[in-house]
Amino acid sequence: MKEGLEKNTESCCADMVLKKKGSRRGALAALLGGAATAAASTAGAALATEEERELKRIKRNEFFQKYYRAMTEEERAATVARFERKTKLETGMDVQIDSTSARPGVLFGYAFNISKCEGSRECVAACVQENNQDRTSNMQYIKLFEMEGDMGSVHGGDSEYSHETPVDGKYYLGTQCFHCENPPCTKACPTGATWKEADGIVVVDYNWCIGCRYCEAACPYFARRFNWKEPEVPAEEINPNQHYLGNRMRTKGVMEKCTFCIQRTRKGLSPACVEACPTGARVFGNLLDPDSEIRWILAHKKVFRLKEDLGAEPKFWYYAD
Amino acid sequence: MKKFVKFIFSGLAVVFTGSVKYYLWLGLLLSMMLAGAYGYSVQLREGLVVTGMHDHVSWGIYISNFIFFVGVASGGVMLVIPAYIMKDRDFLNVVLIGEALAVAALIMALLFVLDDLGVVSRFWHMLPVIGFFHFPQSMLTWDVLVLNGYLVLNLAIPAYILYCRYQGKEPVKKIYVPFVFLSVFWAFGIHLVTAFLLVGAPDKSFWSSAILGPRFLASAFTAGPALTIIVFSLIRKNSVFKISDDTIHKLSLILMFAAYANLIMLFSEIFKEFYWSSEHSAHARYLYFGLDGHHAVTPFIWSAVVSNVLATVLISFRSLRENHAVLVPACLVLFIAIWVEKGLGLVIPGFIPSSLGEIVEYLPTWVETLVTVGIIGFGLFILTALLKVFIHVETGAISSSGGTSALAAEMDMAINKRLKI
């Protein structure tokens, strides 16, 4: 087991070095043309193994890859298999990538109990782990604001606190993607690379996104995150249970975001943040199921949402006991 | 067809021949472009992390410049309307200069979008047919349409006219005038669409203003003619092509009125933000006075607004406006002031504070600066090339009857005879 891990880290490092070389070569070639490329590729040829050639082939195929929503079922299956293979070649990890569609009769919603949250940020850590976010840039989907005074607006809240929590007289308000029923981000996207699925989850096709970041400007809730650099996750920390529209490995220059842990929730599990919360402040469920806990909260608690005046209809409610 | 190829080749020969001073100019532009290429190679390799942008301020000087140069491109219409529609003789002589400016500015604007993309090799995803064109929902797809359409119009109309003159024929009005009318509407369209790109973001209160579109037009119709006047004075100094004082005076009058309209709208915005300063005015407070000790852009906006007002006051006096020693520097000041106010001063405060009220500042890095310099160098090269061909055709230095299949060396002689450059 230990040996295997070491081997994985090793091959991962080698890959990273190679990758870096490759992209530098690409950049130069684009600008300087012939001579530099020829010299670089003779140097590279000696190193090239069968696996490297395969990876190159996969990346070439990926360039011509179609828009996910325009693919047939067979094309989707082939794409998913190719991506599993790519992840294996790049990280040495065997991952299972699911591509299950939305179940009929399901519309996901989320409720957050302000009275219960104590600001421990265990949800944040679980989210990063579950969703394979870039460790080097410390990317996080969830923000917890330490607040006093008014509810209903996070302005003036502090999301950078580093002291012990809870602090007397303060309360904590969590934000993440609210999976709006009327999402401004998907409307803004020029390529349709982000859209709302039938069960209400707003997803991104990481292979179709061009990285213009118009969705990030359009989002009223600061929910979207951009890969400003090549994301890196140590091989031994990779969560191998992945979904094609969720936590599969991302690349530099594309947008990503909370997907309500689509890889878990489409299998009937709770999102990682809900599971990790030590106080039970987080409730997740099917809004179309009249017996669900979230329906009970919406019916019996005084709830509010952030910036309701915008009309984006977030499916994320706050309430207090 | 053969003739047209000859036209292109003699045009190219003209672009690459000239005096020592001209070669020095080309050398300067080339070094700007190389610096930009180097900066971009770093960005391609490392990702946009080498820029000053981050998740809070996710657009920086690239998009600021994009917006500004779309404005410069639509500013060309301030020559087109009096020339083709009001049939003003003076303007008719120089209108192609305005269209050359529009082409150069548009190419810069398009490059400023491309260099901002996370995965530039996927740009084809946003094209119709081969990609997925999210039209009409996404305002960016509208921009793809109007910018490329305007580029085609502004290349095709002048190319047709110049090619006719090159052959010694009069261009046929029936052929090109309908396209001129189309291009006038299109000029307004490109800048309105670009404004709506910002206005369409639902929670960016700094951009969410019905006046933003008209204000963009007013600042464009100031910056465009200001740059045109600078170019006119350079052409007068460096070539035998005649541009009359009258032409410049008329254009400076247009400039003056546009500058008034621009200031009126700027002050309307300032009134709205500061008379009753709500939570939504935090962006304007950040821009003009800083917020919670953060004031990276405050010095820029104040220099811009003050110099904008000063230059506008200067050109309000006829004696000063018609004195080129005042007019040209005033135009330069106006141009730069609008560049700062409309680019940096509009895009960046839109993100500060962020939509969840956090303040993270932005300043461009050296990589972004190099890439920006490179694109400006490339734009100036396009402008130089187009103007040089235009001047040579207009002064008859190249024509289909004048044996222009000649080699560059022969060209050089002919050019030096007719032109001082």
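Chains A and B, in that order, give the protein sequences.
Number 230 in the working numbering belongs to position 232 of the first sequence; there are no gaps in the numbering.
For the working numbering, count along the second sequence from 1 and bump the result up by 31.
Ideal Cβ placement from N, Cα and C applies to all residues, glycine included.
Contact defined as beta carbons within less than 8 Å: I believe residue i pairs with residue j. What is the distance between those atoms, to the nearest angstrom?
i: G209/A; j: G266/A; result: Incorrect: roughly 33 Å between the Cβ atoms, too far for contact.
i: S118/A; j: P276/A; result: 6 Å
i: C330/A; j: E306/A; result: Here chain A covers residues -1 to 319 and nothing more, so residue 330/A does not appear.
i: V51/B; j: H222/B; result: With 8 Å as the limit, V51/B and H222/B do not qualify as a contact, their Cβ atoms being about 39 Å apart.
i: A66/B; j: A104/B; result: Contact doesn't hold; Cβ gap of about 24 Å is too wide.
i: I112/A; j: Y317/A; result: 7 Å
i: I27/B; j: A135/B; result: Residue 27/B is absent from the structure shown; chain B starts at 32 and stops at 452.
i: N185/B; j: S214/B; result: 7 Å
i: Y108/A; j: R223/A; result: Actually they do not touch by this definition, with Cβ atoms about 18 Å apart.
i: N225/A; j: R246/A; result: Actually they do not touch by this definition, with Cβ atoms about 13 Å apart.
i: C121/A; j: A274/A; result: 5 Å
i: A279/A; j: F110/A; result: 6 Å
Considering only DSSP beta bridges, list what residue i is partnered with.
i: Y170/A; result: E144/A
i: Y108/A; result: F282/A and F314/A
i: D156/A; result: E144/A
i: N239/A; result: Q94/A
i: M253/A; result: F224/A
i: L463/B; result: Residue 463/B lies beyond the stretch modelled for chain B, which goes from 32 to 452, so this question has no answer here.
i: V200/A; result: K194/A
i: F302/A; result: Y316/A
Name the chain B residues that come within less than 7 Å of residue i, Cβ to Cβ?
i: F220/A; result: S385, S386 and L387
i: H153/A; result: E310 and G388
i: G209/A; result: L148, G149 and V150
i: W206/A; result: H156
i: E88/A; result: The contacting residues do not exist; E88/A stays about 17 Å from chain B at best.
i: S157/A; result: E389
i: E228/A; result: G78
i: K305/A; result: D234
Quick one: list the residues of chain A neighbouring residue i, beta-carbon separation under 9 Å, in chain order.
i: A232/B; result: P182, A186, Y212, A215, A216, C217 and P218
i: E392/B; result: Those do not exist, as E392/B stays about 15 Å from chain A at its closest Cβ, beyond 9 Å.
If the cut is a Cβ gap below 9 Å, which residues of chain B does residue i touch?
i: F224/A; result: L79, M84, H85, D86, S89 and G149
i: F61/A; result: S152 and R153
i: Y65/A; result: H156, G162 and F163
i: T173/A; result: L387
i: E146/A; result: By Cβ distance, chain B contributes nothing, its closest Cβ being about 14 Å from E146/A, past 9 Å.
i: G251/A; result: G78, L79, L148, G149, V150, V151 and R153
Residue i versus chain A: which residues are under 7 Å apart at the beta carbon?
i: G162/B; result: T189
i: T403/B; result: Going along chain A, no residue has its Cβ under 7 Å from T403/B, so there is no contact; the nearest lies around 17 Å.
i: Q168/B; result: K185
For residue i, return the contacting residues in chain B, with the cut-off set at a CB-CB distance below 8 Å.
i: S160/A; result: The premise fails here: S160/A is roughly 15 Å from chain B at the closest Cβ pair, so nothing lies under 8 Å.
i: A310/A; result: P233
i: K141/A; result: L387
I want to verify the contact list: residues of chain A whose CB lies under 8 Å from the CB of residue i, in sequence order.
i: T172/B; result: P188
Specify whether the region 162 to 172 of chain A and the region 194 to 214 of chain A touch according to this definition: at least 3 beta carbon pairs, one from each stretch, less than 8 Å apart.
no
Can we say the region 134 to 151 of chain A touches the region 84 to 94 of chain A, given the rule of at least three CB pairs closer than 8 Å?
no
I want to know whether the region 86 to 94 of chain B touches the region 390 to 401 of chain B - three or more CB-CB distances under 8 Å.
yes
When the Cβ atoms of the region 195 to 204 of chain A are set against those of the region 175 to 187 of chain B, are three or more pairs found closer than 8 Å?
no
As an exercise, report each continuous alpha helix (DSSP H) stretch of at least 4 residues that is fully enclosed by the region 109 to 154 of chain B, in chain order.
120 to 145
Below 8 Å, how does it come out for the region 422 to 432 of chain B and the region 152 to 171 of chain B: are there three or more Cβ pairs, yes or no?
no
Would you be able to state if there are at least three C-beta pairs under 8 Å between the region 56 to 74 of chain A and the region 257 to 266 of chain A?
no
Touching or not, the region 367 to 377 of chain B and the region 328 to 342 of chain B, by the rule of three or more beta carbon pairs under 8 Å?
yes
Counting beta carbon pairs with one atom in the region 48 to 67 of chain A and one in the region 226 to 234 of chain A, are three or more of them shorter than 8 Å?
no
Please go through the region 360 to 402 of chain B and give each complete beta strand (DSSP E) segment of 3 or more residues, from N-terminal end onward.
none
In chain order, which alpha helix (DSSP H) runs of at least 4 residues are fully inside the region 39 to 95 of chain B?
51 to 77
Would you be able to state if there are at least three C-beta pairs under 8 Å between the region 339 to 356 of chain B and the region 286 to 294 of chain B?
yes
Determine, using beta-carbon pairs with one atom in the region 259 to 273 of chain B and one in the region 294 to 301 of chain B, whether at least three such pairs fall under 8 Å.
no
Should the region 369 to 383 of chain B be called in touch with the region 67 to 80 of chain B, which here means at least 3 C-beta pairs below 8 Å?
no
Can you confirm whether the region 182 to 190 of chain A touches the region 419 to 426 of chain B when touching is taken to mean that 3 or more C-beta pairs between the two stretches lie within less than 8 Å?
no
Indicate whether the contact test is met: 3 or more Cβ pairs, each with one atom in the region 211 to 225 of chain B and one in the region 111 to 125 of chain B, closer than 8 Å.
yes
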